[in-house]
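Engineer: 87 is the number of the first residue of the sequence shown in the working numbering; add one for each residue after it.
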Amino acid sequence: MRPLTMMRAMLGVTLALMSFVIAQPAQAADAIVQVVMDSFLPIVPTTGADLNITGRIVNSSTTTVINPSVQLRLSPAPILGRVGIDKESGAPTAATRTVASVNLNRSVAPNAQMSFKFSLPFQQLSLTKQGVYALVIDVVDAGQIVGSIRTFLPWYPSEQKSPHAIGVVWLWPLADYPARTASQLLLNNQTPTALSPGGRLTNLVDVGREFSSTLSWMIDPSLVQTADAISRGYQVVQDGEVVIGNRSTDASRWLNELRSSISSSNAHALAYADIDAVADRKNGLSADVVRAMTVAQPITSSILKSTIPGGMYWAPNGQLDQKTANLLASAGTITAVLSTAAMAGDTSSPRQAVADYETTFGNVNAVLTDQRLSAAITLPQRNASEVIVARQRFLAETAAIADSPAALVNTPLTVVAAPLDLRWAPSPSFLRSVLRATQAAPWMIPTTLESLLNSPRGASNRLAYAAGNSELTRAYLSGLKAIQGKVGQL
Numbered sequence: 087m088r089p090l091t092m093m094r095a096m097l098g099v100t101l102a103l104m105s106f107v108i109a110q111p112a113q114a115a116d117a118i119v120q121v122v123m124d125s126f127l128p129i130v131p132t133t134g135a136d137l138n139i140t141g142r143i144v145n146s147s148t149t150t151v152i153n154p155s156v157q158l159r160l161s162p163a164p165i166l167g168r169v170g171i172d173k174e175s176g177a178p179t180a181a182t183r184t185v186a187s188v189n190l191n192r193s194v195a196p197n198a199q200m201s202f203k204f205s206l207p208f209q210q211l212s213l214t215k216q217g218v219y220a221l222v223i224d225v226v227d228a229g230q231i232v233g234s235i236r237t238f239l240p241w242y243p244s245e246q247k248s249p250h251a252i253g254v255v256w257l258w259p260l261a262d263y264p265a266r267t268a269s270q271l272l273l274n275n276q277t278p279t280a281l282s283p284g285g286r287l288t289n290l291v292d293v294g295r296e297f298s299s300t301l302s303w304m305i306d307p308s309l310v311q312t313a314d315a316i317s318r319g320y321q322v323v324q325d326g327e328v329v330i331g332n333r334s335t336d337a338s339r340w341l342n343e344l345r346s347s348i349s350s351s352n353a354h355a356l357a358y359a360d361i362d363a364v365a366d367r368k369n370g371l372s373a374d375v376v377r378a379m380t381v382a383q384p385i386t387s388s389i390l391k392s393t394i395p396g397g398m399y400w401a402p403n404g405q406l407d408q409k410t411a412n413l414l415a416s417a418g419t420i421t422a423v424l425s426t427a428a429m430a431g432d433t434s435s436p437r438q439a440v441a442d443y444e445t446t447f448g449n450v451n452a453v454l455t456d457q458r459l460s461a462a463i464t465l466p467q468r469n470a471s472e473v474i475v476a477r478q479r480f481l482a483e484t485a486a487i488a489d490s491p492a493a494l495v496n497t498p499l500t501v502v503a504a505p506l507d508l509r510w511a512p513s514p515s516f517l518r519s520v521l522r523a524t525q526a527a528p529w530m531i532p533t534t535l536e537s538l539l540n541s542p543r544g545a546s547n548r549l550a551y552a553a554g555n556s557e558l559t560r561a562y563l564s565g566l567k568a569i570q571g572k573v574g575q576l
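#1: So the beta strand (DSSP E) Asn451 belongs to, where does it begin and stop?
#2: Rank Met429, Thr426, Pro131 and Val310 by C-alpha distance to the C-alpha of Ala485 and give the top, closest one.
#3: Whether or not the region 241–253 and the region 296–306 are in contact is what I'm after, with contact meaning three or more pairs of Cβ atoms, one per stretch, closer than 8 Å; do they touch?
#4: Going by the C-beta, is Phe238 closer than 7 Å to any heavy atom of the ligand FMN?
#5: What ranges does the alpha helix (DSSP H) occupy inside the region 331–375, keeping only unbroken runs of at least 4 residues that lie completely in it?
#6: Candidates Pro307, Ala359, Glu327 and Leu454: which alpha carbon is nearest Leu344's?
#7: Mark Asn451 as exposed unless 16 or more other C-beta atoms lie within 10 angstroms of its C-beta, in which case mark it buried.
#8: Can you give me the Cβ contacts of Asn555 inside the same chain, cut-off strictly under 8 Å, excluding the 5 residues immediately before and after it?
#9: Based on Cα-Cα distance, which residue from Gly319, Leu390, Asn352 and Asn332 lies nearest to Ser302?
#10: Name the DSSP bridge partner or partners of Ile223?
#11: Less than 8 Å between the C-beta atoms of Thr133 and Leu160, yes or no?
#12: Does the region 515–525 come close enough to the region 468–479 to have 3 or more Cβ pairs within less than 8 Å?
#13: Whose C-alpha, out of Gly229, Ala198 and Pro164, is nearest the C-alpha of Leu213?
#14: If you count every other CB in all the chains shown that lies within 10 Å of the CB of Leu211, and 16 or more means buried, which is it?
#15: Between which two residues does the alpha helix (DSSP H) harbouring Lys203 extend?
#16: Hey, how far is the Cα of Ser541 from the Cα of Leu414?
#17: Which residues bound the alpha helix (DSSP H) around Phe480?
#18: For Phe516, which three-state DSSP category applies?
#19: Do you know offhand how far Leu424's Cα is from Ala545's?
#20: With DSSP as the reference, identify every bridge partner of Tyr242, one or two as the case may be.
#21: Can you check whether the CB of Ile394 is closer than 8 Å to the CB of Ala428?
#22: Are the CB atoms of Ile463 and Pro532 within a distance shorter than 8 Å?
#23: What is the DSSP secondary structure of Gln595, reduced to helix, strand or coil?
#24: Pro505 and Pro259 - do their beta-carbons sit closer together than 8 Å?
#25: Just reading off the beta strand (DSSP E) that Val169 is part of, what are its end residues?
#26: In terms of residue numbering, what span does the beta strand (DSSP E) encompassing Leu272 cover?
#27: Tell me the DSSP bridge mates of Ile531?
#28: Secondary structure at Ser541, three-state DSSP: helix, strand or coil?
#29: Hey, quick one: how far does the beta strand (DSSP E) through Gly141 stretch, first residue to last?
#30: Per DSSP, what kind of secondary structure is Ser302 in: helix, strand or coil?
#31: To the nearest whole angstrom, what separates the beta carbons of Arg333 and Ile316, a pair I think is in contact under 8 Å?
#32: Could you check whether the Cβ of Ile165 sits closer than 8 Å to any Cβ belonging to chain B?
#33: Leu309: which of Ala186, Gln157, Ala382 and Asp325 sits nearest, CA to CA?
#34: From what residue to what residue does the beta strand (DSSP E) around Thr288 run?
#35: Which residue's Cα is closest to the Cα of Ser490: Asn189, Trp256, Ala251 and Gly229?
#36: Report the residue from Ser392, Arg142, Ile420 and Leu272 whose alpha carbon sits nearest the alpha carbon of Ala55.
Below, the structure is given as structure tokens:
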């Protein structure tokens with residue numbers, strides 16, 4: 087592969103600091119230049135600070151881009167809530183202000199890249215109102231926009247928490263697919279690798295330990311049980327053969343770090359092995375659902391050497407039907423983690439993240455994860471630019487909630503940030519940035535799950551259950567049922 091030619095433009099930047107709308111360059115039919123951001127600071131802007139953005143343009147075409155310029159644009163006013171976020175994510179604002187322009191004074195050959203930098207005081211950006219602004223970085227060549235990247239700039243310059251700041255509950259799931267037999271033989275190295283330095287589960291515990299008071303840990307008993315077994319020595323199938331595993335020390339270290347990071351007040355045991363309660367009940371495996379709920383607390387508490395409360399069920403597709411809710415309640419479920427998409431009403435409008443779910447055994451707490459925040463924190467995070475885009479989207483979404491009528495009327499409004507998949511693999515740099523922002527941003531207040539459960543309840547109306555793609559199939563569960571008597575999973 088032809089190496090990229092690195093060319094740094096020492097930017098005698100011509101800052102066209104303008105507060106007026108100017109004519110926009112034409113948009114090219116297809117982007118021939120990729121724009122990436124390497125840094126975007128500060129994460130939470132303040133009045134006396136400077137906006138600093140560094141990045142690169144990469145010529146992904148087969149032709150040379152002649153003397154391009156890089157232009158930084160902002161929307162003329164804050165965008166309108168979540169509707170505005172959706173519009174800006176699909177297309178640039180019709181009329182944006184060019185607030186800075188960099189002439190690179192050099193051509194960019196095919197497969198080459200060139201660096202750019204913007205550094206300018208926020209006071210010069212004419213951000214007349216607080217809110218979320220659309221931000222666009224365009225590459226212009228011969229009057230044509232040949233590449234762009236779009237993101238958001240929340241502007242809330244006060245260093246004090248807003249009276250309408252929203253509470254944000256972070257659910258922090260730890261789960262995996264620990265494929266092991268009844269004799270403790272691991273069928274692959276996925277879990278040992280995830281427990282090792284740099285592994286997915288190690289990253290989650292490392293970051294979580296730094297922000298433990300901000301988080302509500304959600305722990306799959308099957309995972310800690312497997313980690314405990316690995317720490318004592320294990321065998322694993324590798325290249326078709328059974329070999330002695332070599333990650334026992336890593337698993338032991340991971341368990342010790344998890345133990346030191348959590349407490350009985352900020353950790354909860356999920357149902358064993360992330361059971362799909364709806365699918366199991368429908369296919370005659372209700373006993374497995376009851377067992378998964380009842381063994382969760384003692385297994386987790388024993389291995390983590392702390393009293394970890396149970397009674398917590400996380401619905402795999404964010405929804406429950408009434409019969410399954412009744413079954414879970416009969417098995418001691420106190421709280422079910424669902425999605426706002428499961429509740430009646432306008433799912434695009436923010437709502438209080440707790441409601442009552444009525445069952446024949448009494449009410450179950452329905453903790454409602456905000457589906458848009460879930461989507462934001464699971465955006466691609468493969469490089470620094472994607473991390474920045476995901477981070478700014480999360481900040482924009484939370485700021486839009488704080489400015490919504492629901493937050494203004496229902497102070498304090500609390501929302502839940504949680505991944506779409508319990509086995510999430512976020513970038514540690516992304517996690518640290520959004521967790522710091524949760525603590526520092528004037529429109530957010532870190533909130534515990536316990537505080538949410540003690541807050542006023544939202545409407546308890548539910549939508550009818552609709553089977554999702556994540557529900558286990560009848561064929562799969564029929565096979566499981568057939569061998570249930572031969573293999574003990576719990």
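Yeah, the Cβ is synthetic: ideal placement off N, Cα and C, and Gly gets one too.
Structural biologist: Put simply:
#1: One-based indexing of the sequence shown puts residue 451 at position 365. Note, Asn451: beta strand (DSSP E), Val450 to Thr455.
#2: Here residue 485 refers to the residue found at position 399 when the sequence shown is read from its first residue. Nearest C-alpha to Ala485: Pro131.
#3: no
#4: Questions concerning the ligand FMN fall outside what the structure shown contains, since it holds no ligand whatsoever.
#5: 334–347 and 363–368
#6: The residue given as residue 344 occupies position 258 in the sequence shown. If we check each option's Cα against that of Leu344, Pro307 comes out closest.
#7: Your numbering for residue 451 matches position 365 in the sequence shown. So Asn451 counts as buried.
#8: Along the sequence shown, read from residue 1 onward, the residue named residue 555 stands at position 469. With a pLDDT of 47 at Asn555, under the threshold of 50, the modelled position of that residue is not reliable, and no figure is offered here.
#9: Walking along the sequence shown from the start, residue 302 turns up at place 216. It is Asn352 whose Cα lies nearest to the Cα of Ser302.
#10: Locating residue 223 in the sequence shown gives position 137, counting from the first residue. Its beta-bridge partners are Leu158 and Ile235.
#11: Walking along the sequence shown from the start, residue 133 turns up at place 47. Walking along the sequence shown from the start, residue 160 turns up at place 74. For Thr133 and Leu160, no; Cβs fall outside 8 Å.
#12: yes
#13: In the sequence shown, counting from the first residue as 1, residue 213 sits at position 127. Cα-wise, what sits closest to Leu213 is Pro164.
#14: Residue numbering aside, residue 211 sits at position 125 when the sequence shown is read from its first letter. Buried, because 16 or more other Cβ atoms sit within 10 Å of the Cβ of Leu211.
#15: Reading the sequence shown from its first residue, position 117 is the one you call residue 203. Per DSSP, Lys203 belongs to no alpha helix (DSSP H); it is in the beta strand (DSSP E), Gln199 to Pro207.
#16: Locating residue 541 in the sequence shown gives position 455, counting from the first residue. Locating residue 414 in the sequence shown gives position 328, counting from the first residue. Taking the straight line from one Cα to the other gives about 23 Å.
#17: The residue given as residue 480 occupies position 394 in the sequence shown. Its alpha helix (DSSP H) spans residues Ala470 to Ala488.
#18: Along the sequence shown, one-based indexing puts residue 516 at 430. Note: Phe516 maps to helix in three-state DSSP.
#19: Position 338 of the sequence shown, counted from the start, is the residue given in the question as residue 424. Position 459 of the sequence shown, counted from the start, is the residue given in the question as residue 545. Approximately 14 Å between the Cα atoms of the pair.
#20: Translated into the one-based positions of the sequence shown, residue 242 becomes position 156. The partner list for Tyr242 (beta bridge, DSSP) is empty, contrary to what the question assumes.
#21: Counted from its first residue, the sequence shown places residue 428 at position 342. Counted from its first residue, the sequence shown places residue 394 at position 308. No, Cβ-Cβ distance for Ala428 and Ile394 is not below 8 Å.
#22: On the sequence shown, residue 532 is found 446 positions in, with the first residue counted as 1. On the sequence shown, residue 463 is found 377 positions in, with the first residue counted as 1. Cβ distance not < 8 Å, so Pro532 and Ile463 don't count as in contact.
#23: Because the chain spans 87 through 576 in this model, residue 595 falls outside it and cannot be assessed.
#24: Locating residue 259 in the sequence shown gives position 173, where the first residue counts as 1. Locating residue 505 in the sequence shown gives position 419, where the first residue counts as 1. Contact flag set, yes.
#25: Counting from one through the sequence shown, the residue named residue 169 turns up at place 83. From DSSP, Val169 is part of no beta strand (DSSP E) but of the alpha helix (DSSP H) over Gly167 to Gly176.
#26: Working through the sequence shown from its first residue, we reach residue 272 at position 186. No beta strand (DSSP E) holds Leu272; DSSP gives it neither H nor E.
#27: Here residue 531 corresponds to residue number 445 of the sequence shown, with the count starting at 1. Its beta-bridge partners are Gly253.
#28: For the purposes of this step, residue 541 is taken as residue 455 along the sequence shown, with counting starting at 1. Looking at Ser541 - three-state DSSP - the assignment turns out to be coil, as it is neither helix nor strand.
#29: Start at 1 with the first residue of the sequence shown, and residue 141 comes out as number 55. Asp136 to Asn145 is the extent of the beta strand (DSSP E) around Gly141.
#30: Locating residue 302 in the sequence shown gives position 216, where the first residue counts as 1. Strand, per DSSP.
#31: Position 247 of the sequence shown, counted from the first residue, corresponds to residue 333. Position 230 of the sequence shown, counted from the first residue, corresponds to residue 316. Contact holds; Cβ gap of about 6 Å.
#32: This model lacks chain B altogether; it includes just one protein chain.
#33: As a position in the sequence shown, residue 309 is number 223, starting the count at 1. Measuring from the Cα of Leu309, the nearest candidate turns out to be Ala382.
#34: In the sequence shown, the residue the question calls residue 288 occupies position 202. Run containing Thr288: none in the beta strand (DSSP E); it sits in the alpha helix (DSSP H), Arg286 to Glu296.
#35: By one-based count along the sequence shown, residue 490 stands at place 404. If we check each option's Cα against that of Ser490, Ala251 comes out closest.
#36: Outside the modelled stretch of the chain, which goes from 87 to 576, sits residue 55, for which no answer is possible.
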